[in-house]
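Here the protein sequences come in this chain order: A and B.
All the letters of the first sequence, read from the start, carry residue numbers 426 to 897 under the numbering used here.
All the letters of the second sequence, read from the start, carry residue numbers 8 to 448 under the numbering used here.
The beta carbon of each residue, even a glycine, is placed where N, CA and C say it ideally should be.
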Amino acid sequence: MLEDIADYVLKYAVDKGVKYAEVRAQRQTEETLMLRSGILEAYVWTVDSGFCVRVIADGGIGFASTNKWTKDEAREIVDLAIKHARAANRSEKIVFAKEKSVETKWDVRQKQKLENISPEEKIAKFAEINKALTSCGVNIAATMLSCTVNLISKYYVNSEGSRINSFIPRIGAHSFITVIEQGKAEQAYQQFGYSGGWEAFKEWKMEEKIIHDAKVLKDVITKSKAVKPGVMDLICGPNVTGIAAHESCGHPMEADRILGREMSQAGRSFIYKGGPYWIGTKIGSSVVTIVDDPTIEHSYGYYAYDDEGVKARRRFLYKEGIINEFLHNRESAAKLGTRSNGSSRSINYDREAIVRMANTFVLPGDYTEEELIEDVKYGVYMKSFTEWNIDDKRFNQRYVGREAYLIENGEIKHPLARPVIETTTEKFWKVVDAVSKNVEFEAATCGKGDPAQGVPVFTGGPHIRLRGVYIK
Amino acid sequence: MSEALNKTEEIVKKAKALGADEVLAKTTFGRYRQVRFSNNQVDISVAWNDYATDVALAWKKRVVATKIYNFEGVDGAVKRLMDLAKISQENPTFGGFVKGKFKYAKSNADEKLRELENPTDYVFEAINAAEKEVGSKVESGGILFTKFEDVYLVSSEGPTGVDKRSAIELSIRAFSEREASGHGVECSSTLKNFKPERAGRKAGEIARLAKGPKAGEEGVYDVVFDPLIMGSLLATWASMASAFMVMVKLSAFVDKLGQKVAPEIVTLKDNAAQYSLANRVFDDEGAPTKENVIIDRGILKTYLHNNSTAKLFKTETTGNAGLVVPTAWNVEMEPGDAEKEELFKEVKHGLYLTNTWYTRFQNYAKGDFSTIPRDGIFLIEKGEIKQSLKDIRISDNILNLLNNISMISKERQHVHWWGEADPPSLAPYVLIKNVHITKSR
Numbered sequence: 426m427l428e429d430i431a432d433y434v435l436k437y438a439v440d441k442g443v444k445y446a447e448v449r450a451q452r453q454t455e456e457t458l459m460l461r462s463g464i465l466e467a468y469v470w471t472v473d474s475g476f477c478v479r480v481i482a483d484g485g486i487g488f489a490s491t492n493k494w495t496k497d498e499a500r501e502i503v504d505l506a507i508k509h510a511r512a513a514n515r516s517e518k519i520v521f522a523k524e525k526s527v528e529t530k531w532d533v534r535q536k537q538k539l540e541n542i543s544p545e546e547k548i549a550k551f552a553e554i555n556k557a558l559t560s561c562g563v564n565i566a567a568t569m570l571s572c573t574v575n576l577i578s579k580y581y582v583n584s585e586g587s588r589i590n591s592f593i594p595r596i597g598a599h600s601f602i603t604v605i606e607q608g609k610a611e612q613a614y615q616q617f618g619y620s621g622g623w624e625a626f627k628e629w630k631m632e633e634k635i636i637h638d639a640k641v642l643k644d645v646i647t648k649s650k651a652v653k654p655g656v657m658d659l660i661c662g663p664n665v666t667g668i669a670a671h672e673s674c675g676h677p678m679e680a681d682r683i684l685g686r687e688m689s690q691a692g693r694s695f696i697y698k699g700g701p702y703w704i705g706t707k708i709g710s711s712v713v714t715i716v717d718d719p720t721i722e723h724s725y726g727y728y729a730y731d732d733e734g735v736k737a738r739r740r741f742l743y744k745e746g747i748i749n750e751f752l753h754n755r756e757s758a759a760k761l762g763t764r765s766n767g768s769s770r771s772i773n774y775d776r777e778a779i780v781r782m783a784n785t786f787v788l789p790g791d792y793t794e795e796e797l798i799e800d801v802k803y804g805v806y807m808k809s810f811t812e813w814n815i816d817d818k819r820f821n822q823r824y825v826g827r828e829a830y831l832i833e834n835g836e837i838k839h840p841l842a843r844p845v846i847e848t849t850t851e852k853f854w855k856v857v858d859a860v861s862k863n864v865e866f867e868a869a870t871c872g873k874g875d876p877a878q879g880v881p882v883f884t885g886g887p888h889i890r891l892r893g894v895y896i897k
Numbered sequence: 008m009s010e011a012l013n014k015t016e017e018i019v020k021k022a023k024a025l026g027a028d029e030v031l032a033k034t035t036f037g038r039y040r041q042v043r044f045s046n047n048q049v050d051i052s053v054a055w056n057d058y059a060t061d062v063a064l065a066w067k068k069r070v071v072a073t074k075i076y077n078f079e080g081v082d083g084a085v086k087r088l089m090d091l092a093k094i095s096q097e098n099p100t101f102g103g104f105v106k107g108k109f110k111y112a113k114s115n116a117d118e119k120l121r122e123l124e125n126p127t128d129y130v131f132e133a134i135n136a137a138e139k140e141v142g143s144k145v146e147s148g149g150i151l152f153t154k155f156e157d158v159y160l161v162s163s164e165g166p167t168g169v170d171k172r173s174a175i176e177l178s179i180r181a182f183s184e185r186e187a188s189g190h191g192v193e194c195s196s197t198l199k200n201f202k203p204e205r206a207g208r209k210a211g212e213i214a215r216l217a218k219g220p221k222a223g224e225e226g227v228y229d230v231v232f233d234p235l236i237m238g239s240l241l242a243t244w245a246s247m248a249s250a251f252m253v254m255v256k257l258s259a260f261v262d263k264l265g266q267k268v269a270p271e272i273v274t275l276k277d278n279a280a281q282y283s284l285a286n287r288v289f290d291d292e293g294a295p296t297k298e299n300v301i302i303d304r305g306i307l308k309t310y311l312h313n314n315s316t317a318k319l320f321k322t323e324t325t326g327n328a329g330l331v332v333p334t335a336w337n338v339e340m341e342p343g344d345a346e347k348e349e350l351f352k353e354v355k356h357g358l359y360l361t362n363t364w365y366t367r368f369q370n371y372a373k374g375d376f377s378t379i380p381r382d383g384i385f386l387i388e389k390g391e392i393k394q395s396l397k398d399i400r401i402s403d404n405i406l407n408l409l410n411n412i413s414m415i416s417k418e419r420q421h422v423h424w425w426g427e428a429d430p431p432s433l434a435p436y437v438l439i440k441n442v443h444i445t446k447s448r
């Protein structure tokens with residue numbers, strides 16, 4: 426069914442004389458369960474299917490979608506898309522960077538197929554995790570656990586001859602816990618994600634990690650001390666390294682943002698033509714290489730071809746401390762005179778594909794975690810974060826430690842109560858002097874676009890050591 | 008009875024025939040249009056046609072839900088949903104969907120928004136208004152969004168209703184320099200009251216004033232909040248008033264009912280009123296929406312409820328049911344008695360903030376958070392705007408901000424933008440004392 430209607434829509438659009446047309450037809454089965462303090466609030470199951478068309482006509486782009494699978498409706502949305510594209514009346518006509526057409530099929534392997542896991546089994550799994558949490562010796566006042574399973578079949582076809590079928594099974598989960606000890610509350614949130622089957626749980630160690638969170642929160646309440654504000658060294662665990670790489674490297678390197686296409690909502694970038702930062706500018710120390718890589722098997726942000734039919738590949742964003750390569754779709758690539766690097770993603774058939782990250786992380790170095798710590802005389806080990814944010818040019822950021830410890834003379838001492846680093850992108854990456862060998866990935870949902878499109882990504886990465894930063 | 012309402016009712020009947028205890032079905036035929044623009048040009052125009060029925064049912068307190076598209080595959084979907092219910096788990100806190108026959112207010116939806124197919128001209132009205140303020144070098148970007156929904160709701164517990172919901176909103180950000188911008192929004196449920204040039208003019212005015220920003224300094228300031236940034240704060244407080252958020256402790260209002268949480272000048276309401284982008288005459292259970300006073304002259308009066316949370320809290324539904332959890336629709340802060348200018352005059356050394364983004368919490372229960380002002384940050388000295396600033400952050404506590412409100416303007420604006428000021432609100436200018444500001448080091 427996906428192919429039939431999509432091919433019909435494409436032919437109808439091409440016959441109307443547009444310069445370019447593409448159609449994405451998608452069928453997405455989704456099951457979500459939500460447990461509040463062990464009680465199943467609701468089990469939601471949906472099968473969403475629909476298709477969209479995007480055209481270039483008279484130098485403008487028009488996009489229209491529907492979930493009514495009729496030829497009448499198909500013609501209506503094509504006519505709408507063309508009408509809207511022409512109404513743009515652009516002085517600067519939009520073109521796409523050249524791309525080879527491709528005919529292929531791709532999918533993600535599952536060891537234990539999600540289709541074969543019954544709702545009872547899914548519910549039981551999370552009930553079991555909740556039970557383990559409530560008996561871990563910490564006073565957990567509230568828990569919220571949720572799980573979403575997606576089975577996404579997609580058919581992409583464009584007027585240049587590309588024709589791609591794909592199937593991606595994906596599973597995600599969230600936990601949010603509130604620990605109350607000595608009348609004080611602390612909270613922790615974690616996200617888990619995997620492209621593949623039910624075997625995800627073996628990778629996640631979800632129960633172990635949430636119980637660890639609970640114990641950390643208890644320690645924060647009962648044993649932590651405030652950090653004495655000042656300049657000191659900082660070791661970031663994968664959780665903190667990952668959010669920093671995502672926010673202060675991945676986002677500012679999105680070419681649509683650099684070109685201003687997101688200027689109103691998600692903002693611009695500190696990188697812009699004619700500004701102090703551009704490709705070739707030093708932004709970090711030579712040990713900092715940050716990549717975005719959709720090709721990591723079973724990663725949450727995995728894909729083989731993007732939503733413009735471009736083959737996915739690893740992108741070196743900051744390479745040895747130098748701004749190296751932006752994330753591009755075909756529109757941004759044409760504007761900057763280059764080729765797309767396969768960064769165009771859409772969350773569903775009713776959303777325009779825009780420039781997105783996939784899995785963004787610092788490449789590992791040579792150090793063990795112990796070696797990073799033993800060379801710190803006085804500093805902070807920020808293993809994970811709670812509050813975080815960054816300005817819309819992606820330069821001023823703040824991370825507040827959730828699990829954090831004081832380091833003295835190369836040894837980890839007592840827990841710290843919410844230490845804060847508030848600094849700039851350049852200051853953060855320029856003082857990194859060492860990177861650990863081990864990489865730990867974490868799942869996240871990256872927000873961008875209007876209407877919002879939360880896309881699955883990996884963050885995480887290695888431990889990194891920063892010298893002489895201000896912590897409060 | 009319309010065909011769509013008949014088909015919605017059939018879904019409910021089929022689920023009942025299969026043994027469901029309670030069933031809700033809500034069909035929405037939605038026409039959504041959007042124009043996205045940047046650098047003064049239209050980037051893409053988008054049209055969505057959506058035909059969907061949300062179905063929720065309960066069987067022996069097992070609650071399951073699904074979505075049916077364009078009334079296709081109804082039999083299979085309803086059977087699958089019943090099968091799911093039978094293998095699901097009991098939710099002992101499920102209190103049933105709201106019961107009764109209700110008379111709903113008449114919808115005031117604007118049929119012109121159903122037919123509006125080419126809204127690009129409104130975008131250029133806004134861009135031109137910004138340009139008038141800033142000059143030809145202005146760079147403007149944003150979105151125009153229109154919505155028209157026909158909604159049909161049938162509940163096995165009595166409620167049956169038809170609603171029409173229309174909205175149009177424009178969000179424009181104008182840059183006068185690389186780091187000098189202003190943001191304006193224009194929100195309405197009707198085309199008649201929609202004035203896109205107003206948003207463009209405001210964005211342009213702020214962008215012009217914001218030229219030549221200097222890095223701001225850390226400290227504790229008295230701050231005048233523009234309606235747009237107040238929209239973000241109002242949305243946060245109202246979301247924290249959802250009974251579900253209280254239950255999972257994603258709220259700083261836990262155990263604070265009946266307590267003083269703000270000065271007497273503060274009254275906050277939730278009201279899915281006809282002027283609002285979120286206009287609706289019934290909630291997702293079919294309970295009539297109404298004005299709910301969340302904070303009455305400083306006292307926290309109620310949480311926002313669906314029928315189940317209301318039973319848990321031993322009260323009545325407030326008409327805020329989403330399909331699963333209660334949610335605020337449209338937040339209103341009661342106006343004060345001050346002119347906008349009087350708020351500025353009150354500030355000896357402080358700030359005027361016009362917008363913010365990226366609000367994140369360390370701890371919802373305690374309320375510690377930070378957020379990053381953008382689009383016009385100004386130093387106020389002796390009641391007057393003296394200097395444009397940049398690169399600062401509000402790092403404070405959401406209850407402290409509420410408690411430190413000292414002055415509210417008469418003037419209010421209906422605001423909404425993206426996820427940052429959502430749900431929409433009717434927001435005044437507000438003076439808040441002793442706001443903690445931090446910056447990068």
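- Among the residues of chain A, those whose CB is under 8 Å from the CB of PRO99/B are ILE464, following chain order.
- When only Cα atoms are considered, VAL62/B and PHE368/B end up about 33 Å apart.
- Counting every other CB atom within 10 Å of its CB across the protein chains shown gives TYR774/A a total of 16 or more, marking it as buried.
- Under the DSSP assignment, TRP424/B falls in the beta strand (DSSP E) whose first and last residues are 412-424.
- According to the DSSP assignment, ILE772/A belongs to no beta strand (DSSP E), since it is labelled neither H nor E.
- Around ARG452/A, the same chain offers SER474 and SER578 as residues with beta carbons nearer than 6 Å, after the five sequence neighbours per side are excluded.
- Using a Cβ-Cβ cut-off of 7 Å, ASP61/B does not count as an interface residue toward chain A, since no Cβ of chain A sits closer than that to its own.
- Counting C-beta pairs with one atom in each stretch, the segment 95-111 of chain B and the segment 153-165 of chain B have three or more that are closer than 8 Å, which means they touch.
- Taking CB atoms only, TRP55/B has a neighbour in chain A less than 7 Å away.
- Per the coordinates, the alpha-carbon of ILE412/B lies some 10 Å from the alpha-carbon of ASP229/B.
- Residue state for TRP494/A is assigned as coil, using DSSP reduced to three classes.
- Annotation: LEU752/A is outside any alpha helix (DSSP H) and is labelled neither H nor E by DSSP.
- Collapsing the DSSP output to three states places ASP50/B in a strand.
- Cβ neighbours of ALA92/B within its own chain (closer than 6 Å, five residues either side excluded): TRP66, ARG69 and VAL71.
- Note on geometry: alpha-carbon atoms of SER432/B and GLU176/B lie some 13 Å from one another.
- Our two residues, GLY879/A and SER143/B, have alpha carbons roughly 36 Å apart in a direct line.
- Here DSSP, grouped into helix, strand and coil, assigns GLU17/B to helix.
- Using beta-carbon distances, ASP157/B does not count as an interface residue toward chain A, since no partner is under 7 Å.
- Take ILE392/B, set aside five residues on each side of it, and the residues of its chain with a beta-carbon closer than 8 Å to its own are LEU216, PHE351, TYR359, PHE385 and LEU386, in chain order.
- Using a Cβ distance threshold of 7 Å, ASN575/A and LEU460/A do not count as a contacting pair.
- Rounded to the nearest whole angstrom, the CA to CA distance from SER395/B to GLY102/B is 53 Å.
- What ASN821/A touches in chain B, judged by beta-carbon distance under 8 Å, is ILE379, ASP398, ARG400, LYS446 and SER447, going in chain order.
- Shortest Cα-Cα distance from GLY343/B to any of TYR39/B, GLU271/B, ALA206/B and LYS171/B involves GLU271/B.
- Within the same chain, LEU684 come within 7 Å of LYS760/A by CB-CB distance, once the 5 residues on both sides are set aside.
- In this structure, LYS276/B places its C-beta atom within 7 Å of the C-beta atom of GLU339/B.
- The secondary-structure analysis by DSSP pairs LEU433/B across a beta bridge with GLU339/B and HIS421/B.
- In this structure the segment 791-804 of chain A lies against the segment 854-874 of chain A, because at least three pairs of beta carbons, one per stretch, are closer than 8 Å.
- Apart from the 5 residues on each side of it in sequence, ILE542/A sits with its Cβ closer than 7 Å to the Cβ of TRP623 in its chain, given in chain order.
- DSSP places LEU350/B within a helical segment (H, G or I) once states are collapsed to three.
- Around THR850/A, the same chain offers SER673 and PHE820 as residues with beta carbons nearer than 6 Å, after the five sequence neighbours per side are excluded.
- With a cut-off of 8 Å on Cβ pairs, the segment 33-45 of chain B is in contact with the segment 151-161 of chain B, counting three or more such pairs.
- One alpha carbon belongs to PHE78/B, the other to ASN784/A, and they sit about 38 Å apart.
- For the pair LYS256/B and ASN564/A, the Cα-to-Cα distance works out to about 14 Å.
- In the DSSP annotation of this structure, the continuous segment of the alpha helix (DSSP H) that includes MET631/A starts and ends at 631-648.
- Counting only residues of its own chain and dropping the five nearest sequence neighbours on each side, TRP55/B has a CB closer than 6 Å to the CB of TYR39.
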